[in-house]
Structure formats: C-alpha cells, structure tokens
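Numbering-wise (full-length UniProt numbering), the sequence shown opens with residue 1 and increments by one.
Before any comments, here is the structure.
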Amino acid sequence: MNEKIKAKLDILPLQPGCYIFKDADQNILYVGKAKKLKNRVLQYFNRAYNNKTAKLVQQIDDLEFFVTLSEKEALVLEINLIKQYYPPFNVIFKDDKHYPYIAISKEKNPRLKITRDAKSKSYKHYGPFPDSKAAYNTMHLLNAIYPLRKCRVVPKNVCLYYHMKQCLAPCIHDVKQQDYQQIVNEIDKFFKGNTKDILQDLTQKMHQASDALEFEKANEYKQLIQQIHAVTDKQVIEFNDQVNRDIIGFYQKEGYLSITILMYKNGYLNAKINEVIDILDTIEEPLLDYLMQFYQTHDIPKEIYISNGIHLDLLEETLMVKVIYPKAAKGLDLILIAVENAKKSLEEKFVSLALKDADIFIELGKYFNKERISTIEMCDISHISGDSAVGGVVVFTNGYPIKNKYRKFIIKGENKQDDLASTYEVIYRRFYNLLKDNLPFSDLLIVDGGVNQMKAAMNALQTLGITLDVCGLAKDQHHHTRALILPNFKEVELAKNSKLFLFLMRLQDEVHRYAITFFKAKKAKSMFSSLFDQVEGLGPARKKRLLELYPTLEELKKCSIEQLSQILPLNVAKNLQKVLNNTNHLKNNAYDDSEANGG
C-alpha cells in the first residue's frame, strides 16, 4: 500500500458511496459500492485474499470515491460506472440478447429455428438458453419427434424428412391447420415439462417395433425416450402456474461465494446459472451486487425466492421485484436444491484451482526433497515496544486458509520486546499443544522473519524433539520480502510476478492481519478497561454492554447523553461522557499497522 492510498483511506467517510481502484497508469481496475465506504475499502488491505482479489490488490495504485445520499443511489451509480468502464475485475454479464431461443414460426406451415432475437412477433419463443448446446440439442430432439417443416422454403418435391416420418410434407399435401396446431400445442406442453403423453406414445411404438422384430426402429424410439429424459429430468419440482421466478441458493467458503440461480419460465425450469465470485467477509453485499449486475442483462422475474436471513430489500425496491423468503416445503426444497448446486459448483472451483496451483507446491517441495508441500503454517509476532505482545499462527492447505486451525497466543515471557524469545515461545507452545493432542504437523513452518527468527523456531522444535523444515523470509531495505530462506540458511531469490512469490505474500499478509487483529483487540480491551475504571458506577455488566454496542473509542465518543442514558443511569452516563471528553489525546483502537511491530 503506497502513501497516496494511505492518505485517501484516512479521509474515507462512513457513508454510502462508490469506490474505484486504479492501476499505476490510471486504468480503472474495479468499481464497487458500499454502505460505509471506509469499512468496505479497508477490508481490501487488511486480510488475505484468494487468487483474483490478490491480483487486484497487487495492482491497486490509486483510488477514487463518490459519496452518495443512500445505498440505493450508490447501487445505481455502481451499475452505471461498470457499464461505462467495463473494469477487468468486475463480473460483467453477457447480455440476454446473446442467448439463444427456440422459436416456432407462425406461418401456414410452421417450423422450428434457433434465434437470438426474442422480439419478433412472427415467432413464439422458448428460452433463453444460457447453454447454447442445450438449445440446439433440444431443437434436434423436437424435430425428430414432431413432424414440422424442416426446409426453409417449401420445396416442389418431397425431401428425406418425409420418408423419415419427420415432416408432413406440405410440399405435396394440403396439411390441415388443426394438425399443425396440435403439434404446436404438444411442443408447448413439452416446454412446460409435460412429456407424459409423448413418452407413452414413444414407449408404445418401441414395444410394437420390438414385437415386430424391427429392433433398429425400436432402438431409435428408445434413444428418443432417453433424450427426452435427459432434457426434462431437471424438472425436479414444477409449478402449476405460469409465473416466471428465480430460485437463488448460495454457499460460501474460504473467500469465495458460489451462487446458483434456477430460472423458472412459465412455471417450469428453463435454465440453471452457476457463478463463483470472490468476497471479502460478508455475504449480503456481494450477493446484492452480483444480482443487480445479473438482472441488468437478464429478464427480471416476477418473483425471487431466497433463504431467510438474507435481506434483499434494496434489490426489491430498485428492480421492483417481489422477493419471497419461503416457509412452505416446495419453496424450501427448491432453495435446498439451489444450495446443493452452489456447493458442488464451489467444490469444482476448488479442484480447478488446486490443479492450476499444483506447480507452486511441487516447486516448493523440490527445496526440501519432497514430492510436494501440502500444508504450511506461518508465525508472526505483533506488539508496540513490547506492549500487549501477541503471536499468531495461520495454516494453509493446498493454497487455502484453514481458519479452524489458526491459533493466537498472548506472550507470557518477561521480555516482550524480544522478538526472538517471543518466536521461541509461540512455536514451543504451538507444537507442544499439537504433541499433547496427538495432532499431525504441517509439512513446512515459515516464520515471518530472517535467520535469527528461524533459529529461535528451530530451537523450540529441537527442545520438543520435533524434526520439521523451517523457512524464513528475507527482506530488502524497504522491508519488502525478496527471498525465501531455506533451512540451511541459503536464500532463494523470488521473481515478483512468480506464483510462488504471490502465494507467499498471501501467507504473509494473512498471518500479519491475524496477529495485528488480535493485538488491536487486546490493546483496545486494555485501553477501554483503563478508561472505564475511571467511571464511577460502571460495573462489569455495563462495561460489557458498552463494548458490544460501541466497539471503538470513536463511536463511543460520538454518543450523546440521550444515547448513553438509554443503557446507563443518567448520572453514570454523565460521568462517562466527562471521562470521554478528557481522552482527546487517545487514538481510536483501530491503530495503523505501522504502529504495531509485526515480523
């Protein structure tokens, strides 16, 4: 993060608006919106990221922001800015007009065709089909089952389709309109998922052909039956109405949000959309952003089903669509199906990413005479001149953070300014606990420091009788990582654009974030405890309540007597405000990272 960005982060307001990230050439990389600009933008610089967001953050050289009167106004502005600039890191949807439809012409002798123009009144349209292959496969199936005209222009003589019984041959017969209308009605029923009659007819013909020993023909009917099932079996649950509705399910894990949209047209399932996007922390805001972008280029349904607990009031208001949080079995079952699809989609994403990044861990393994390195943990120490010293350990497996294995430690040693003693203590306690609980070790331990920190970690492991590869990170004069230090203390220079370097930066950013966050929380608790002790009448229960409602000094100082007296007796509220007025020299608990010494 450069000084220019730091300066702008300081003046970002806690108001709704849009933000724009730019690279060194002032090219727009990403446009986002936020309910509170400062909180949202800071998230990009205070945590570890997955691949796409990591690449974005590494390219950010400048930012611009717009304050709006409301979150709705910010949402509309975001959409317009994305349409204007097409930023490379935003999700840009292909317009609905690019998706194919299956259409039946309203001519005297109708025929089927694939079209991407759904506006023509000369055709009845079914779709759109986000999967164009599915559209063509469905049309070929319909042409095989229903004897509509296949030729673009009615020929003078019969063609092959007539002999295959796939055309009524209007070229030589005067086909009655009611015959064609019956076929059109059957196709309409097919698209509504009602295939019972045609399946019964084909099954009967298959048995008749088999009984007549016409096995080739029987097999053709069997294949048609199988194709119908392949196309229509996705109709897990149908609606008896003609309503267009979308069912939305989502699944979040390790910095990714997987979204599945089941699109029902006229009561039947028409398409399934799967998308995996990067997220920072919360789900609701990126989900809302995604759906707003999605419905800029897709038909807005009459109803949207989504699970309770996610509030899409802004979407409902902006798009004028009815959002339903179903309680009945059918709606809940549909959401469950969408969630299962979202989960599977994310699992596929992880497999794809693991294969893509496999060479990182194979390359890393070569330095330690191993086929590959799978699980890595990194340690970092954080303090201000020894005050509130803490340590943090993060664990990554196959490139993904395993947060339930993260551990934090309050430094107990007497000399808390001694980074080497603190490193020894954290590593000793970390691996002592693993030994005690009979838990497996990682393949590699990295300390966010140089040779001296490595030696401290190695000594701790040696004391416990543990053999494990330990690495460090060498820094340049600007305190930027430049090399990996191997267990024999030899350095491996890292190219700044290499996958290995970028992965190690993710690790380093995450352990630094984790340790600093713990440090800030401990420091804030200590500061608040000292401040609250000066307030007469403020007991433990009231202290806890205040911290829950106002976790930062800045928020607490903004409270009026009226606000404080809602949760405190009036005399205690006045005492607290008096103490707060005498703390203008104190900083908020959200210290700059520069204040805290990290490895």
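Glycine residues also receive a C-beta, built at the ideal position from the N, C-alpha and C atoms.
Enclosing alpha helix (DSSP H) for residue i [first to last residue]
i: residue 313; result: 313-319
i: residue 623; result: In the structure as shown, the chain starts at 1 and stops at 599, and residue 623 therefore has no counterpart that could be examined.
i: residue 297; result: 284-297
i: residue 328; result: No alpha helix (DSSP H) holds residue 328; DSSP gives it neither H nor E.
i: residue 575; result: 570-581
i: residue 41; result: 37-43
i: residue 564; result: 561-564
Residue i, enclosing beta strand (DSSP E) - first and last residue
i: residue 246; result: 245-253
i: residue 111; result: Careful: residue 111 lies outside any beta strand (DSSP E) and carries neither H nor E.
i: residue 148; result: Unbroken run through residue 148: none, as it is neither H nor E.
i: residue 465; result: That residue, residue 465, is in no beta strand (DSSP E); it is neither H nor E in DSSP.
i: residue 268; result: 268-278
i: residue 491; result: 491-493
i: residue 473; result: 470-475
i: residue 123; result: 123-126
i: residue 484; result: 481-485
i: residue 411; result: Where residue 411 is concerned, there is no enclosing beta strand (DSSP E), given that its DSSP letter is neither H nor E.
i: residue 29; result: 28-34
i: residue 105; result: 101-105
Helix, strand or coil at residue i [DSSP, three-state]
i: residue 401; result: strand
i: residue 360; result: helix
i: residue 9; result: helix
i: residue 91; result: coil
i: residue 19; result: strand
i: residue 85; result: helix
i: residue 260; result: strand
i: residue 66; result: strand
i: residue 96; result: Bear in mind that the predicted position of residue 96 carries a pLDDT of just 49, short of 50, making it unreliable; the figure below should be weighed with that in mind. It is helical.
i: residue 57; result: helix
i: residue 505; result: helix
i: residue 1; result: coil
i: residue 79; result: helix
i: residue 365; result: helix
i: residue 498; result: coil
i: residue 152; result: coil
i: residue 14; result: coil
i: residue 567; result: coil
i: residue 118; result: coil
i: residue 396; result: strand
i: residue 307; result: coil
i: residue 74; result: helix
i: residue 389; result: strand
i: residue 558; result: coil
i: residue 381; result: strand
Nearest candidate by alpha-carbon position, reference residue i, set the options
i: residue 534; options: 582, 493, 499 and 544; result: 582
i: residue 408; options: 66, 518, 82 and 25; result: 518
i: residue 444; options: 427, 267, 190 and 269; result: 427
i: residue 307; options: 157, 325 and 297; result: 325
i: residue 40; options: 405, 161, 489 and 280; result: 280
i: residue 390; options: 424, 374, 365 and 405; result: 424
i: residue 133; options: 316, 114 and 144; result: 114
i: residue 100; options: 125, 488, 516 and 178; result: 125
i: residue 104; options: 212, 88 and 123; result: 123
i: residue 32; options: 513, 351 and 18; result: 18
i: residue 258; options: 347, 300 and 313; result: 347
i: residue 192; options: 142, 181, 172 and 268; result: 268
i: residue 128; options: 272, 183, 186 and 68; result: 272
i: residue 491; options: 454, 516, 212 and 10; result: 454
i: residue 317; options: 299, 297, 298 and 292; result: 292
i: residue 286; options: 322, 140 and 310; result: 310
i: residue 412; options: 422, 110 and 403; result: 422
i: residue 243; options: 398, 270, 6 and 434; result: 270
i: residue 345; options: 393, 255 and 276; result: 276
i: residue 357; options: 536, 499 and 206; result: 499
i: residue 493; options: 473, 373, 512 and 24; result: 473
i: residue 554; options: 367, 577 and 209; result: 577
i: residue 605; options: 118, 221 and 74; result: No answer is possible for residue 605: the residues shown for the chain start at 1 and end at 599.
i: residue 282; options: 107, 43 and 511; result: 43
### Message
Measuring CB atoms only, is the stretch 242-261 touching the stretch 335-342, in the sense that at least three cross pairs come out at less than 8 Å?
### Response
Below 8 Å, enough C-beta pairs join the stretch 242-261 and the stretch 335-342 to call them touching: three or more.
#### Entry: beta strand (DSSP E) runs contained entirely in the stretch 415-450, provided each spans 3 or more residues
444-447
### Task
Within the stretch 162-237, note down every full alpha helix (DSSP H) run reaching 4 residues or more, in order along the chain.
177-191, 196-211 and 215-232
### Query
Just checking, does the stretch 446-466 make contact with the stretch 369-380 on the three C-beta pairs under 8 Å criterion?
yes
### Message
With three or more beta-carbon pairs closer than 8 Å as the criterion, would you say the stretch 56-65 touches the stretch 136-152?
### Response
no
### Query
Counting Cβ pairs, one atom from each stretch, are 3 or more of them under 8 Å apart for the stretch 167-183 and the stretch 194-204?
no
### Message
For the stretch 463-475 against the stretch 317-333, do three or more pairs of beta-carbon atoms, one drawn from each stretch, fall closer than 8 Å, so that the two count as touching?
### Response
no
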